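Top to bottom, those sequences are chains R and C. Convert by adding 123 to the 1-based position in the first sequence; the result is the number in our numbering. Convert by adding 199 to the 1-based position in the second sequence; the result is the number in our numbering. Heads up, the beta-carbon is just placed ideally off N, CA and C, and yes, glycines get one too. Since the model is a prediction, treat every value here as computed from it, not as a measurement. Everything below concerns the one structure shown next.
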Amino acid sequence: MSEFYALLFTVAFWVLIIGLGLKIYQYIKTPAPLKIPLTPAPLTKTGVGFRLAKEAIFFASLFKSNKWIWLFGWLFHMSLFIVLIIHLRYFLETVPEWLVMLQSVGKYAAFTMVIGLVGLLVRRIAVPRIRYISDPSDYLWLILLIVIGITGITMRFFSHTDIISVKAFAIGLESFNWQQLPLDGPLLIHLALVAILMILLPFSKLLHIPGIFFAPTRNQVDNPREQRHVSKWALNLEAEKNKKQP
Amino acid sequence: MADFETPKIREYPVVPIIKEGAMEGTSPFVSRPEFDNKLGYPGELPEDWKDKALAKMGDLLSRYRSLQVFMDSCIKCGACTDKCHYFIGTQDPKNMPVGRQDLLRKVYRRYFTFAGKYFPKLVGAVDLTEEVLDDWFSYYHQCSECRRCTVFCPMGIDTAEVTMAAREILAHVGKASKYSNEILTKVDRIGNNLGLPGPALKGILEDLEEEIEEDTGVAVKFNMDAEGCDALLMTPSADFFAEPHIDGLIGYGKVLHEAGITWTVSSKASEAANFGLFIGSYENMQKVSMRIREAAIDLKVKRIIFGECGHAWRVAYSFLNTLAGPFDFLDQNYPIPQHILEVTHGMLERNELRMNKEENDHMTLTFHDSCNIARASRMGDQPGGQFEIPRAVIKAACNNYVDMDPSTTHEVTFCCGGGGGTLTDDLMEVRVKGALPRMEALRQVTDENGVTNVAAICAICKSQFTKMLPYYGFEMDAIVSVHQLVSSAIVMKGSEQEQELDGAGDEDNSAPETDTD
Chain R
124 MSEFYALLFT
134 VAFWVLIIGL
144 GLKIYQYIKT
154 PAPLKIPLTP
164 APLTKTGVGF
174 RLAKEAIFFA
184 SLFKSNKWIW
194 LFGWLFHMSL
204 FIVLIIHLRY
214 FLETVPEWLV
224 MLQSVGKYAA
234 FTMVIGLVGL
244 LVRRIAVPRI
254 RYISDPSDYL
264 WLILLIVIGI
274 TGITMRFFSH
284 TDIISVKAFA
294 IGLESFNWQQ
304 LPLDGPLLIH
314 LALVAILMIL
324 LPFSKLLHIP
334 GIFFAPTRNQ
344 VDNPREQRHV
354 SKWALNLEAE
364 KNKKQP
Chain C
200 MADFETPKIR
210 EYPVVPIIKE
220 GAMEGTSPFV
230 SRPEFDNKLG
240 YPGELPEDWK
250 DKALAKMGDL
260 LSRYRSLQVF
270 MDSCIKCGAC
280 TDKCHYFIGT
290 QDPKNMPVGR
300 QDLLRKVYRR
310 YFTFAGKYFP
320 KLVGAVDLTE
330 EVLDDWFSYY
340 HQCSECRRCT
350 VFCPMGIDTA
360 EVTMAAREIL
370 AHVGKASKYS
380 NEILTKVDRI
390 GNNLGLPGPA
400 LKGILEDLEE
410 EIEEDTGVAV
420 KFNMDAEGCD
430 ALLMTPSADF
440 FAEPHIDGLI
450 GYGKVLHEAG
460 ITWTVSSKAS
470 EAANFGLFIG
480 SYENMQKVSM
490 RIREAAIDLK
500 VKRIIFGECG
510 HAWRVAYSFL
520 NTLAGPFDFL
530 DQNYPIPQHI
540 LEVTHGMLER
550 NELRMNKEEN
560 DHMTLTFHDS
570 CNIARASRMG
580 DQPGGQFEIP
590 RAVIKAACNN
600 YVDMDPSTTH
610 EVTFCCGGGG
620 GTLTDDLMEV
630 RVKGALPRME
640 ALRQVTDENG
650 VTNVAAICAI
660 CKSQFTKMLP
670 YYGFEMDAIV
680 SVHQLVSSAI
690 VMKGSEQEQE
700 LDGAGDEDNS
710 APETDTD
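Pasting the structure below:
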């Protein structure tokens, strides 16, 4: 069983890295032939950096749209972020002081994460127009994340697992030195679902993670009159080549 | 007129309940081969339409990062679901921005993603069938490419990009909208969307000169094809004869006269509008844009100035440099291209225009931000200039101004309901229903603040309002051009208006009264 999980995580890791890498490569190499920033837009690259940060960190546009979706969505994402950081302790030989400090409060982030996810799930089911746009996978993602959260909470607060062994297992993965995993139900479910998430991420709507940074509507500088912007394929068009010159 | 009900103005605009299939099958007339062939499209459904459509989709995915990213990154959060004026007016869930995008996305997933190829049901992927194609034709012509949904999307997904791609795919399998494609052939053949030939245009311009001289005593020149002027004026052809557009054109003429800028229109490029944008065709948009470059070179001008038109200003401001640049042969001391409002506003700032606001005292005005100007372009040198500059000009021309509800103006302005290639009688139901949110906001300021008129800076908005206002119980001439207000208020040097204000015989007019705004 431990070998199976070790193999699963090794595969999941590489699928995630390669899959996501290929997708990001595709986004980078696909040209944006026209200037289409959503205006008012920043006039400088620094401005664009702030704009993207505001979107990625505070979900600024979602806030404008709908306070409930924003509340649940932001709660979930920020909690997940804290939870992920806390999980670093399984991968670092020596746990730094700040991580220990963060952990003392951060362990409750798992609860807020689940609350956010449940809120999103309830909205998806209860609001007819959101139910209309939901596919089975949209529900499944929320359920998967909720179960990951609940199994995590279970291990942390109720049925403790042998975290020393878990840490040995995790560090062993890094060096292909596979170690034994405690065979607890919650842990096995938790890890299996995390691996599934990692494997499916590059093939799913979770591509919004890189996608948010690649939307030309938000990542372009508003300077079309000052700087001519032309894509490679556009340069090969007939009109471009036969352009009248003064 | 088609049989449909004009939506009721609601006291409290709440999110409407979805009515599946409410607008199913509502589509524009299909274009004809005689138009399509000229634009590089087959004009009829080819035998292998499915392969052709998918090949085009693949081609567009590889050429447009926007499309590729937007197809992947939607999380179905629902943020956009209540933001589209066509959804609000029709309640059809396929008019929710995400619903509209999904018509294309579910096919993208089926043929271009692993999940959709092997687990279609799980991710809502579907085969491309004629029914899907019909849905595309219907619902991608119930979008005005106004980008209001984009403002609210956490991923920055722009439905306009998706709509343009879908229309381009449709055109490649012979299902384009007749309205846009017929107009594009007219621009190419005659020089403008309305099919106004050079001699007729010349006649109109001469009439305008006479009219202004009669009204003011000042000889304001309206040149056509005159070489060596300072500026080429690009304006939507509706400005040459439609109401209230033409009153705006008179305003540009007076402002440019006061500025001492000589200008001409070109009979070959007598159209600022560029429907290549609406149909999502880079090639056609470029071809239309090249006329402007050619006219500027032929007429040896130093500047290009654009009149009041929404999507034309988007193409001019955002794309003209890309499509037809570089414009290194023009005077680099001025923005290329420049908006007429930038010219007028600059003069007002420098106190170079004398305005008699009382001329517009019979009106209380509000301003309709046009979608393409608000969310896809800029004026001036600061972000948001596209909101401040038109308002500053209006306030300099009138005493009574009120903004509509802030949830319907500036970057979240509602489309007039007729943009993006929908301004055609065969889509009247879509237009009337899509106008609802704007009409509600107008009704509110009419009732609460006594607004009598709404000013706009877009030819499509002006035409759409003229048709829509009566449906919602307003007077059809309540819509005015911003430069129409300027035209009424402006006191040109040496005009009869100046004499009236300063008293006859008083020739000392060196110190014009300045504006407080």
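In the DSSP assignment, find the unbroken beta strand (DSSP E) run with residue i in it and report its ends.
i	result
Asn294(C)	Where Asn294(C) is concerned, there is no enclosing beta strand (DSSP E), given that its DSSP letter is neither H nor E.
List the DSSP bridge partners of residue i.
i	result
Trp462(C)	Ala430(C)
Asn652(C)	Leu564(C)
Tyr600(C)	Leu564(C)
Ile678(C)	Val653(C)
Ser376(C)	Val229(C)
Asn422(C)	Thr463(C)
His538(C)	Phe505(C)
Met554(C)	Ile689(C)
Between the options, which lies nearest to residue i when the distance is taken from Cα to Cα?
i	options	result
Arg630(C)	Gln267(C), Gly288(C) and Gly584(C)	Gly288(C)
Ala183(R)	Val644(C), Leu522(C) and Val350(C)	Val350(C)
Leu383(C)	Glu558(C), Leu455(C), Gly257(C) and Tyr240(C)	Tyr240(C)
Val353(R)	Arg262(C), Pro215(C) and Tyr671(C)	Arg262(C)
Pro160(R)	Ala338(R), Glu361(R) and Leu360(R)	Ala338(R)
Ile659(C)	Gly616(C), Val685(C) and Arg637(C)	Gly616(C)
Gln302(R)	Phe292(R), Gly308(R) and Leu311(R)	Phe292(R)
Gly618(C)	Asn559(C), Val653(C) and Cys508(C)	Cys508(C)
Arg212(R)	Pro251(R), Phe199(R) and Gly229(R)	Gly229(R)
Leu157(R)	Asn473(C), Tyr481(C) and Thr415(C)	Tyr481(C)
Arg304(C)	Val361(C), Gln341(C), Gln290(C) and Ser343(C)	Val361(C)
Leu404(C)	Asp446(C), Thr415(C), Ser376(C) and Ala365(C)	Asp446(C)
Ile294(R)	Thr217(R), Ile180(R), Arg174(R) and Leu194(R)	Thr217(R)
Ala129(R)	Ser298(R), Gln343(R) and Pro163(R)	Ser298(R)
Pro396(C)	Ser465(C), Cys345(C) and Ala425(C)	Ser465(C)
Tyr670(C)	Thr607(C), Tyr451(C) and Met627(C)	Met627(C)
Thr169(R)	Asp345(R), Lys355(R), Ala357(R) and Trp356(R)	Asp345(R)
Lys249(C)	Tyr307(C), Ser230(C), Ser694(C) and Asp281(C)	Tyr307(C)
Asp326(C)	Pro212(C), Thr312(C), Tyr378(C) and Ser337(C)	Thr312(C)
Ile322(R)	Leu316(R), Pro369(R) and Ala135(R)	Ala135(R)
Pro163(R)	Gly649(C), Glu243(C), Ile656(C) and His609(C)	His609(C)
Pro347(R)	Phe440(C), Met354(C) and Trp512(C)	Trp512(C)
Ile266(R)	Asn189(R), Ile238(R), Phe181(R) and Val138(R)	Ile238(R)
Asn571(C)	Arg346(C), Ser606(C) and His371(C)	Arg346(C)
Leu564(C)	Ala437(C), Ala654(C), Gly672(C) and Glu442(C)	Ala654(C)
Ile504(C)	Ser469(C), Asn483(C) and Phe474(C)	Ser469(C)
Tyr150(R)	Arg351(R), Lys367(R), Pro325(R) and Leu360(R)	Pro325(R)
Could you check whether the Cβ of residue i sits closer than 7 Å to any Cβ belonging to chain D?
i	result
His331(R)	The chain inventory of the structure shown lacks chain D, comprising the protein chains R and C.
Starting from residue i, trace the alpha helix (DSSP H) both ways and give me its first and last residue.
i	result
Ser687(C)	Val681 to Ala688
Leu198(R)	Lys190 to Ile209
Ser260(R)	Pro259 to Ile276
Ser265(C)	Arg264 to Ser272
Trp301(R)	Per DSSP, Trp301(R) belongs to no alpha helix (DSSP H) and is neither H nor E.
Lys282(C)	Looking at the DSSP string, Lys282(C) is not in any alpha helix (DSSP H), and its letter there is neither H nor E.
Tyr255(R)	Pro251 to Tyr255
Gly617(C)	Segment: none, Gly617(C) is in no alpha helix (DSSP H) and carries neither H nor E.
Asp414(C)	Gly397 to Thr415
His371(C)	Thr358 to His371
Does the ligand HEM have even one heavy atom less than 6 Å from the beta-carbon of residue i?
i	result
Phe234(C)	Summarising the ligand content, the structure contains no ligands, and the ligand HEM is consequently not present.
To be precise: take each residue of the region 234-264 of chain C, compare its Cβ to all Cβ atoms of chain R, and keep it if any distance is under 9 Å. Which residues remain? Leu260, Ser261, Arg262, Tyr263 and Arg264
Residues in the region 170-188 of chain R having any Cβ partner in chain C nearer than 8 Å: Glu178, Phe182, Ser184, Leu185, Lys187 and Ser188
Kindly confirm or deny that the region 326-334 of chain R and the region 265-279 of chain C touch, where touching means at least three C-beta pairs closer than 8 Å. yes
Output needed in chain order: residues of the region 254-285 of chain R with a Cβ under 7 Å from some Cβ in chain C. When C-beta distances to chain C are compared with 7 Å, the residues of the region 254-285 of chain R below that value are Tyr255, Ile256, Ser257, Asp258, Pro259, Ser260 and Asp261, in chain order.
Contact between the region 445-465 of chain C and the region 424-433 of chain C (3+ Cβ pairs under 8 Å): yes
Looking at C-beta atoms only, is the number of pairs between the region 522-535 of chain C and the region 586-604 of chain C that lie closer than 8 Å three or more? no
By the 9 Å beta-carbon criterion, what residues does the region 240-253 of chain R contribute toward chain C? Leu243, Arg246, Arg247, Val250, Pro251, Arg252 and Ile253
Between the region 676-693 of chain C and the region 543-554 of chain C, do at least 3 Cβ pairs fall closer than 8 Å? yes
Along the region 129-157 of chain R, where does the CB come closer than 8 Å to a CB of chain C? Name the residues. Lys146, Gln149, Tyr150, Thr153, Pro154, Ala155, Pro156 and Leu157
Looking at chain R, which residues of the region 276-289 of chain C have a Cβ within less than 9 Å of any of its Cβ atoms? Cys276, Gly277, Ala278, Cys279, Thr280, Asp281, Lys282 and Phe286
For the region 471-494 of chain C, which residues have a CB atom closer than 7 Å to at least one CB atom of chain R, in sequence order? Tyr481, Glu482, Gln485, Lys486, Met489, Arg492 and Glu493
Count Cβ pairs between the region 315-330 of chain C and the region 338-352 of chain C that sit closer than 8 Å; are there 3 or more? no
According to a CB-to-CB cut-off of less than 7 Å, which residues of the region 304-333 of chain R neighbour chain C? Phe326, Ser327, Lys328, Leu330 and His331
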